[in-house]
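Contents: one structure, followed by commentary.
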Amino acid sequence: MDRGFKVLIEDLHFAYDGFPVLRNIQLRVKAGELIGILGPNGAGKSTFLKILCGTLRNYQGRVMVDDLDLRSLSSREMAKKVAIVPQDSLLGFDFTALEVVLMGRNPYQRRFGREKVDDFRTVTESMMETKTWDLRDRLFTQLSGGEKQRVVIAQALAQRSQILLLDEPTSHLDISYQIETMELVHKKSEEGITVIAVLHDINLAAQYCQKVLLLSDGEPFAYGKTEEVLTREKIGFVYGVEVSVNRSPVTGRVYVTPISKRWRYKEALSGSRMVHLICGGNSGGGLMHKLREQGFGVSAGVINVLDSDHETAQSLDIPVVSEAPFSSISESSMRQNDQLIQGADVIVVSNLFFGEGNLANLRSALRAVEEGKEVILLSTDPIFSRDFSSGKATELYSHLMAKGALEVRNLDELVQKIGEQN
Amino acid sequence: MDNTGQELGLTTKRTQLLKYMTFLMLALLLSLFISASLGAADLPLSTTAAVFLSRLPFLSRVVDTTRVESAAEVILLQIRLPRIVLAMVVGAALATAGVIFQALFRNPMADSWIIGVSPGAALGATIAIVFKIGHGMIGLSVLSLFAFMGAMGTTLFVYRIARTGTAVPVANLLLSGIAAGAFLNALVSLLMMIGQEDLHRIFFWMLGGFTGASWNRVILALPFVLFCVVVVLFFSRDLNLFLLGEERASQLGMETEKVKLILILLASLVASLAVSVSGIIGFVGLITPHTVRLVTGPDHRLLTPTSALAGALIMLVSDTFARLVLSPREIPVGVITAMIGAPFFIYLLRSRKRGLVR
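As given, the protein sequences belong to chains X and B, one line each in that order.
Take the UniProt record's numbering: the final residue in the first sequence is number 422, and no numbers are missing along the way.
Take the UniProt record's numbering: the final residue in the second sequence is number 358, and no numbers are missing along the way.
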């Protein structure tokens with residue numbers, strides 16, 4: 001039952017000079033899987049890779065590679081099974097890029113032999129795949145950081161191993177080579193090579209990895225399918241930051257947006273004004289960000305579930321009154337909304353479209369202004385152009401303004417007004 | 001995609017190596033003849049050539065040596081030639097040791113003194129001289145033996161104290177070597193204070209030179225040095241990998257600790273042999289690989305053999321100068337190598353070119 005895994009790790013513990021770095025790691029990796037290892041700095045990610053490639057051997061627990069105990073393998077055998085792309089390359093002597101890649105063939109070369117045709121073929125292929133073939137006669141020391149990184153990846157590929165470990169392979173690369181490197185790694189995994197990569201960039205992991213191991217302080221916090229591990233709660237807990245996690249409409253994969261700590265900080269200040277936002281149809285997302293950024297407390301409603309504004313509110317952890325998708329606002333939602341309005345200092349009506357379904361929101365605003373609440377209408381476009389309720393919304397707008405609601409034309413003006421009357 | 005080494009331009013390496021070796025061989029041969037002709041008794045180049053060539057198989061019947069005085073023959077064959085050969089052997093040995101240590105320490109400033117060879121040899125020799133061990137028996141070879149044991153003993157001791165668990169980190173080696181060296185130098189100074197009447201002898205031994213060269217010493221050193229240099233050639237790829245750092249080398253399949261032990265043993269062995277027959281001659285082991293690297297690049301498949309020959313040539317030329325400059329008095333060859341080597345080294349440091357650590 002334990003057989004057939006490319007990498008099998010049980011109860012792995014590791015300590016540097018008695019200081020525990022890794023604790024209680026369990027991992028089972030099948031051939032062809034692409035696994036991302038994530039975690040904050042100092043979580044033990046690089047140490048973990050160094051154990052897997054056989055560099056650090058004084059660990060406790062069981063590490064099996066191809067059903068063989070890692071410690072029973074010689075360096076040469078290890079180098080044929082596992083190749084690693086280290087974070088930094090220390091070479092300070094002038095070898096050409098080709099010579100550096102050729103060193104990757106070392107495990108296959110005998111002390112008394114020369115390079116064989118096979119070595120050259122492999123090296124050529126590896127350099128073509130990493131787009132370093134044109135650099136072959138350049139001195140390694142004179143290459144740029146990104147070029148060096150690609151040459152070292154070629155060196156690792158030249159080892160022709162079934163397991164490929166990468167320690168932040170994209171750290172020195174610009175976005176185009178980041179993508180290219182990850183595409184290459186992904187292709188390798190499709191060819192059956194098992195890839196385990198320490199990644200800094202959560203979104204690269206989200207986009208390419210099938211599974212993610214999330215390390216926190218040397219311990220596995222979560223391991224599983226990428227979308228199950230990369231959730232707002234887990235990332236927030238491990239990294240100590242607030243993020244919003246959404247699904248990319250383009251790739252269908254999750255993506256993670258960090259939310260500035262500044263916003264949360266300002267929100268925490270007591271005495272900041274509470275703004276209730278009446279929005280929908282993508283008219284409020286930007287407003288939510290902007291108001292948060294300015295340090296205001298924000299609530300929102302009533303918004304239909306599946307509306308992008310609803311998604312934004314949830315990802316920003318903004319209290320929101322929601323309504324079933326594509327339904328009119330119900331009595332109960334309206335009452336909940338009125339409660340949020342009661343708790344707010346300012347009510348903002350965004351530049352949204354009105355139909356019969358959401359007129360209730362405007363009536364709530366009208367009640368608020370009648371009770372003496374401050375109401376600001378953001379009308380980037382005039383209300384009649386957004387009125388699909390045969391004039392009812394336009395009429396409500398004129399009532400609102402007659403009762404003292406303020407109309408502004410753009411976001412800056414809005415923010416200024418909210419701040420002014422503080 | 002069917003690139004062979006030829007298309008990749010790697011066979012040019014072999015051609016390059018052939019070129020360097022041919023050039024150095026010719027230079028060595030020429031220097032040998034010139035050096036043998038020069039000295040207190042100047043001999044014409046033709047005499048030198050005739051005597052040497054007559055000793056080669058097949059040529060002995062062709063070359064006519066009947067007109068050469070027997071005194072000249074003795075000077076050439078029993079005094080100058082062993083000295084020349086010994087200088088070449090010692091030069092090659094020191095350069096080879098330098099190549100190995102520079103790769104192991106990943107530093108073009110490393111040399112065999114770094115791991116305690118020189119201070120160890122100095123202590124061994126000083127003990128032999130001060131306590132008159134073997135004095136009057138087989139004489140100088142006992143001194144050589146003590147120097148050799150001192151050098152090897154120190155190296156092994158340094159290797160042992162640098163060991164942590166199963167690994168011998170290179171940084172530990174360096175620091176242990178420096179500590180051991182300082183301690184041994186202190187012991188040597190102490191012994192010199194005790195054996196004041198031998199001060200002159202100790203001093204001249206430590207300056208190094210080939211004054212007492214004989215075929216006996218050549219026979220003592222040549223086979224071992226030759227053997228070690230040839231073995232080192234088979235470790236060229238490992239030496240290259242060491243330049244990537246030990247960790248990376250092991251990730252690329254090298255049994256780092258095993259190979260490191262073998263290489264340290266080889267390097268200390270050749271360096272100890274050299275020191276035991278010639279005393280402490282500085283800078284050749286440091287400068288030679290360094291200079292050669294500027295021409296050949298860092299690939300040890302070129303660097304190691306080329307350095308060995310270049311070391312032989314540099315030592316031969318230096319010793320010839322040592323014999324001639326203040327003739328009939330001799331300058332210790334260590335003085336020559338240091339006086340040429342040190343400024344040259346500074347020049348290299350200042351003009352950071354190919355091969356220097358950035």
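Cβ coordinates follow ideal geometry from the N, Cα and C atoms, glycine included.
Since the model is a prediction, treat every value here as computed from it, not as a measurement.
Exercise. Just mark M78/X as buried or exposed, buried being the case when its beta carbon has 16 or more other beta carbons within 10 Å.
Key: Under this definition M78/X is a buried residue.
Self-check item: Members of the segment 67-101 of chain X that neighbour chain B once the beta carbon cut-off is set at 9 Å
Solution: Listed in sequence order: S74, S75, R76, E77, M78, A79, K80, V82, A83, I84, P86, S89, L90, L91, G92, F93, D94, F95, T96, L98, E99 and V100.
Practice problem: Could you check which residue in V225/B, T48/B, I194/B and I129/B has the C-alpha nearest to that of F204/B? | Solution: Nearest option by C-alpha distance: I129/B.
Quiz item: For the segment 245-259 of chain B, which residues have a beta carbon sitting closer than 8 Å to at least one beta carbon of chain X?
Solution: Shown in chain order are the members of the segment 245-259 of chain B whose Cβ falls below 8 Å from a Cβ of chain X: G245, E247, R248, S250, Q251, L252, G253, M254, E255 and T256.
Exercise. Taking a Cβ distance cut-off of 9 Å, strictly less, list which residues of the segment 292-309 of chain B are near chain X, in chain order.
Key: Cβ contacts with chain X: R293, G297, P298 and D299.
Practice problem: Mind checking the segment 108-129 of chain X against chain B and listing, in chain order, the residues whose C-beta falls within less than 7 Å of any C-beta there? | Solution: Answer set for the segment 108-129 of chain X: Q109, R111, F112, E115, V117, F120, R121, T124 and E125.
Quiz item: Using a C-beta cutoff of 9 Å, does R237/B count as contacting chain X?
Solution: It does; some Cβ of chain X falls within 9 Å.
Quiz item: CA-CA distance, K188/X and E180/X?
Solution: In this model, K188/X and E180/X are separated by some 12 Å (Cα to Cα).
Quiz prompt | Contacts that G104/X makes with chain B (C-beta to C-beta distance below 8 Å) | solution = Within chain B, the residues near G104/X are L252.
Quiz item: Would you say T55/X reaches chain B, if we count a Cβ-Cβ gap shorter than 9 Å as a contact?
Solution: True, the Cβ-Cβ gap to chain B drops below 9 Å.
Quiz item: Roughly how many angstroms lie between the CA atoms of I281/B and I336/B, to the nearest whole one?
Solution: Using only the alpha carbons, I get a separation of about 9 Å.
Quiz item: Among the residues of its own chain, which have a CB less than 6 Å from the CB of D137/X, if the five just before and after it don't count?
Solution: Once the five neighbours on either side are set aside, the close Cβ partners of D137/X are T96.
Quiz item: P20/X: which of G32/X, N58/X, G36/X and L38/X sits nearest, CA to CA?
Solution: Nearest of G32/X, N58/X, G36/X and L38/X to P20/X, Cα basis: N58/X.
Quiz item: Taking the continuous alpha helix (DSSP H) assigned at A182/B, which residues delimit it?
Solution: Unbroken alpha helix (DSSP H) run through A182/B: V170 to I194.
Exercise. Consult DSSP for W263/X and reduce its assignment to one of helix, strand or coil.
Key: Confidence at W263/X is low in this model, with a pLDDT of 47, below 50, so its placement is unreliable and no value can be given for it.
Quiz item: Tell me which same chain residues have a C-beta within less than 7 Å of the C-beta of Q325/X, skipping the five on either side of it?
Solution: Strictly speaking, residue 325/X in this sequence is Pro, with Gln absent from that position. Taken in chain order, the residues that qualify are N304, V305 and L306.
Quiz prompt | Contacting residues, own chain, Cβ-Cβ under 7 Å from I346/B (five flanking each side not counted) | solution = Within the same chain, I346/B has no close Cβ partners at all.
Practice problem: Would you check if there are 3 or more beta carbon pairs closer than 8 Å linking the segment 41-54 of chain X to the segment 212-225 of chain X? | Solution: Yes: at least three Cβ pairs fall under 8 Å.
Exercise. Using the DSSP secondary-structure output, state which residues sit across from Q16/B in a beta bridge.
Key: By DSSP's assignment, Q16/B forms no beta bridge with any residue.
Quiz item: What's the call for R67/B, buried or exposed, on a 16-neighbour Cβ count within 10 Å?
Solution: R67/B should be labelled exposed.
Practice problem: Decide if L38/X is buried, meaning its Cβ has at least 16 other Cβ atoms within 10 Å, or exposed. | Solution: A residue is called buried when at least 16 other Cβ atoms come within 10 angstroms of its Cβ; L38/X meets this threshold and is buried.
Self-check item: Nonlocal neighbours in the same chain, by C-beta distance under 7 Å from S214/B, ignoring five residues either side
Solution: Taken in chain order, the residues that qualify are P82.
Exercise. Using a Cβ-Cβ cut-off of less than 8 Å, give me the residues of the segment 89-107 of chain B that come near chain X, in sequence order.
Key: Of all residues in the segment 89-107 of chain B, R106 have a Cβ within less than 8 Å of some Cβ in chain X.
Self-check item: Burial state of D11/X, where buried means 16 or more other Cβ atoms lie within 10 Å
Solution: Counting C-beta atoms within 10 angstroms of its own C-beta, D11/X has fewer than 16 neighbours from the protein chains shown and is therefore classed as exposed.
Quiz item: Do you know offhand how far H300/B's Cα is from N240/B's?
Solution: C-alpha separation (whole angstroms): 6 Å.
Quiz item: Exposed or buried, which one is V117/X when buried takes at least 16 other CB atoms within 10 Å?
Solution: The residue in question, V117/X, is exposed, as its Cβ has fewer than 16 Cβ neighbours within 10 Å.
Practice problem: Kindly indicate the opening and closing residues of the alpha helix (DSSP H) around T306/B. | Solution: From DSSP, the alpha helix (DSSP H) with T306/B extends over H300 to L324.
Quiz item: By how many angstroms is the C-alpha of L157/X removed from the C-alpha of T304/B?
Solution: Their Cα atoms are separated by approximately 29 Å.
Quiz item: Under 9 Å between C-beta atoms, does Q155/X make it to chain B?
Solution: At least one chain B Cβ lies under 9 Å of Q155/X.
Quiz prompt | beta strand (DSSP E) segments (min. 3 residues) lying fully within the segment 324-396 of chain X | solution = Fully enclosed beta strand (DSSP E) runs of 3 or longer: 346-349 and 374-378.
Practice problem: Write down the C-beta distance between M315/B and M88/B rounded to the nearest angstrom, noting that I regard them as a contact closer than 8 Å. | Solution: Indeed, because the Cβ distance is near 6 Å, the residues count as touching under 8 Å.
Quiz item: Looking only at its own chain, which residues have a Cβ that is under 6 Å from the Cβ of D94/X, when we skip the five neighbours before and after it?
Solution: The residues are L139 and T141.
Practice problem: Just the C-alpha distance for L277/X and R253/X, rounded to the nearest angstrom, thanks. | Solution: Distance between the alpha carbons of L277/X and R253/X: 30 Å.
Practice problem: Would you please verify whether the beta carbon of V173/B is less than 9 Å from any beta carbon of chain X? | Solution: Looking at the sequence itself, residue 173/B is Leu, so the reference to Val does not match. No, because no Cβ of chain X sits closer than 9 Å to the Cβ of L173/B.
Self-check item: Y239/X, enclosing alpha helix (DSSP H) - first and last residue
Solution: Judged by DSSP secondary structure, Y239/X falls within the alpha helix (DSSP H) whose first and last residues are R232 to Y239.
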